[in-house]
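Novice: For what it's worth, full-length UniProt numbering labels the leading residue of the sequence shown as 1, then goes sequentially.
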Amino acid sequence: MITLDKANAPPFINWQAVIRDFEAVLGARGVVQRKEELLVYECDGLTSYRQRPAVVVLPRTTEQVAEIVKICDRHHISFIARGAGTGLSGGALPVENCVLIVTALMNQILEIDFENQRVVVQPGVINNWVTQAVSGAGFYYAPDPSSQVVCSIGGNVAENSGGVHCLKYGVTTNHVLGLKLVLPDGAIADVGGMSEMPGYDLTGVFVGSEGTLGIATEITLRILKAPEAIRVLLADFTHVEAAGQTVSDIISAGILPGGMEIMDNFSINAVEDVVAANCYPRDAAAILLIELDGLDVEVVANSQRVEAICRQNGARNITSATDSQERLTLWKGRKAAFAAVGKISPDYYVQDGVIPRTKLPYVLAEIEALSQKHGYRVANVFHAGDGNLHPLILYNNAIPGELEAVEELGGEILKLCVRVGGSISGEHGIGADKRCYMPEMFTEADMETMIWVRQVFNPKGLANPEKIFPTPRTCGEAARAHQQFPSVEKF
């Protein structure tokens, strides 16, 4: 059995000397060390986990990142890369006495190559900036997480993020052609770069590795030509299960929409209360958003077939939009759903499981039963086309014991996903939040193999430690926040 530990870690770190080294590379303004300023970085989007880093550094170039990592390697200091801090699995959560390498200032689009349909960006570039930069020439970047106006490409690469259009166009890994990496010893390596490369697919290994194999400092992305026509359909149903069945029926008919999203009644009303989209019927049990794109004749024909399938499954009304502004209006509520739910509840705990599409009706009914059993409301918003669920469990963290209770409910939902042939994560990653559920999905040999890969790149365990793999503790660690996480010593 391979184990991960920090047995060789030095008993004492001379932080004054380390900070002087950092300032020599970045200047004083590139190093954050005041306690009140470090509070900003003590968590990512999963705010139930908190740990203040020892130091935050703000590099602007690959060479600066490499020098920072070399200093960490020399002093045996753990380091964690952080982008925009929008992650929802605790992937950028600091550990005790760590250096947080924040890539927010690495925000340049370095090259745009329309002829070869690719762009090269730094990791701090915001997802939506890529499409904005190339849309004038008729191109776009396909992966579009709901947080695309604030999340960064580096974070998308770390978590292998998806989005509305992942059903047809795939997740981040399908659009990353190459990477410039700073490895955990400070060496700089280039992997990938073309559509087809000989040797091991190291680009594929790195995307989704959650910062445990190094830091991507330049990312070559594939961009796509904008489709000739786009149409968005909104169908409302009196039963959530009917909306789920419609998703399966559309795919079974040989139609592949650009995206399909479901929102349940609770989410619909939350969105209308906060966003006032005025296009989602408040009395619907669920709405199904379907985007069709491609050649104009193809979109027209498929729209007719999709409408017929919706009505066969009991859709009451179907709204259609082809104008860009009207399409944005239909999507507005879905994109703002997480924020809307956060507006009506003191806290919410979001999970990120994946299930086979054919299991949607069954799983939705089971989630409702679990909600009733545990006594917590669950809002369902998810990428229905690829079965990526995002149940949001509403609670009040000010009430003792509630966080631990909703973590238990979230864990039962993840176990349900695995039981029906799914996964414990579709795009949010494992991070610190879901590592204790890895044995539900993987055998000991499976995880040992993954650790072999991690140790080849990261033999000292300094790059984003205490993520992905389970610790001797049980689940519910967020309920004991502000405690130091133990090292990964065994499964």
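Glycine included, every Cβ here is placed at the ideal spot set by N, Cα and C. Every value quoted in this text rests on a predicted model; they were computed, and no experiment measured them.
From the DSSP output, read off the bridge partner residues of Tyr200.
Specialist: Bridge partners of Tyr200: none, in fact.
Novice: Output needed for Asp190: all residues of its chain with C-beta closer than 8 angstroms, excluding positions within five of it in sequence on either side, in chain order.
Specialist: Excluding positions up to five away in sequence, the list reads Gly178, Leu179, Lys180 and Leu181.
Novice: Which runs of the beta strand (DSSP E), 3 residues or longer, sit entirely within the stretch 342-392?
Specialist: 347-350 and 378-383
Novice: For Ala277, which residues from the same chain have a beta carbon less than 7 angstroms from its beta carbon, with the 5 sequence-adjacent residues on both sides left out?
Specialist: Val271, Thr329, Lys332 and Gly333
Novice: Going by the DSSP bridge assignment, what does Lys180 pair with across the sheet?
Specialist: Asp190 and Glu218
Novice: Suppose the cutoff is 8 angstroms on Cβ atoms and the five residues either side in sequence are ignored; what does the same chain contact list for Met260 look like?
Specialist: Excluding residues within five positions, the ones whose Cβ falls inside 8 angstroms are Leu167, Val247, Ile250, Leu288, Leu289, Ile290, Glu291, His383, Ala384 and Gly385.
Novice: Where do the N-terminal and C-terminal ends of the beta strand (DSSP E) with Met263 fall, by residue?
Specialist: Gly259 to Asp264
Novice: Could you tell me the boundaries of the alpha helix (DSSP H) in which Phe22 lies?
Specialist: Here the alpha helix (DSSP H) through Phe22 covers Trp15 to Leu26.
Novice: Would you mind reading off the limits of the beta strand (DSSP E) that contains Leu288?
Specialist: Ala286 to Gly294
Novice: Going by the CB atoms, is the gap between Ala463 and Thr212 shorter than 7 angstroms?
Specialist: yes
Novice: Within the same chain, show all residues whose beta-carbon is closer than 8 angstroms to that of Gly421, passing over the 5 residues directly before and after it, in chain order.
Specialist: Ile355, Pro356 and Lys359
Novice: Starting from the C-beta of Leu389, find all residues in its chain whose C-beta is less than 6 angstroms away, skip the five residues before and the five after it, and write them out in chain order.
Specialist: Gly353 and Phe382, listed in sequence order.
Novice: I need the straight-line Cα distance from Ser303 to Leu233, nearest angstrom please.
Specialist: Near 8 angstroms, if we compare the C-alpha coordinates of Leu233 and Ser303.
Novice: How many Å lie between Val65 and Val120 at the Cα?
Specialist: 18 angstroms
Novice: Give the straight-line distance between the Cα atoms of Gly429 and Val157, rounded to the nearest whole angstrom.
Specialist: 11 angstroms
Novice: Taking 7 angstroms as the cut-off, decide whether the C-beta atoms of Gly294 and Pro227 are in contact.
Specialist: yes
Novice: Please identify the residue among Ala187, Glu159 and Ile219 whose C-alpha is closest to the C-alpha of Glu210.
Specialist: Glu159
Novice: Quick one: what's got a C-beta closer than 8 angstroms to Val176's C-beta in the same chain, skipping five residues either side?
Specialist: Val157, Gly192, Thr203, Val207, Ile219, Thr220, Leu221 and Arg222
Novice: Quick one: give me the first and last residue of the alpha helix (DSSP H) that Thr449 is part of.
Specialist: Where Thr449 is concerned, the enclosing alpha helix (DSSP H) stretches over Glu444 to Phe457.
Novice: How many whole angstroms separate the CB atoms of Ile215 and Ile71, which I take to be in contact at a CB cut-off of 8 angstroms?
Specialist: Actually they do not touch by this definition, with Cβ atoms about 14 angstroms apart.
Novice: Please give the ranges of any alpha helix (DSSP H) in the stretch 46-129, keeping only runs that are unbroken, at least 4 residues long and fully inside the region.
Specialist: If we require 4 residues or more, the alpha helix (DSSP H) runs fully inside the stretch 46-129 come out as 62-75.
Novice: Just mark Arg20 as buried or exposed, buried being the case when its beta carbon has 16 or more other beta carbons within 10 Å.
Specialist: Of the residues assessed, Arg20 falls on the exposed side of the cut-off, its CB having fewer than 16 other CB atoms within 10 angstroms.
Novice: Let me check one thing: in DSSP terms, what residues is Ile399 bridge-paired to?
Specialist: Note: Ile399 sits in no beta bridge, so no partner.
Novice: Mind checking which residues open and close the beta strand (DSSP E) that includes Thr319?
Specialist: Asn317 to Ala321
Novice: Classify Ile399 as buried or exposed, calling it buried when 16 or more other Cβ atoms lie within 10 Å of its own Cβ.
Specialist: exposed
Novice: Among residues of its own chain, excluding the 5 on either side of Thr103, which ones have a beta-carbon nearer than 6 angstroms to its beta-carbon?
Specialist: Gly83, Pro123, Gly124 and Gly154
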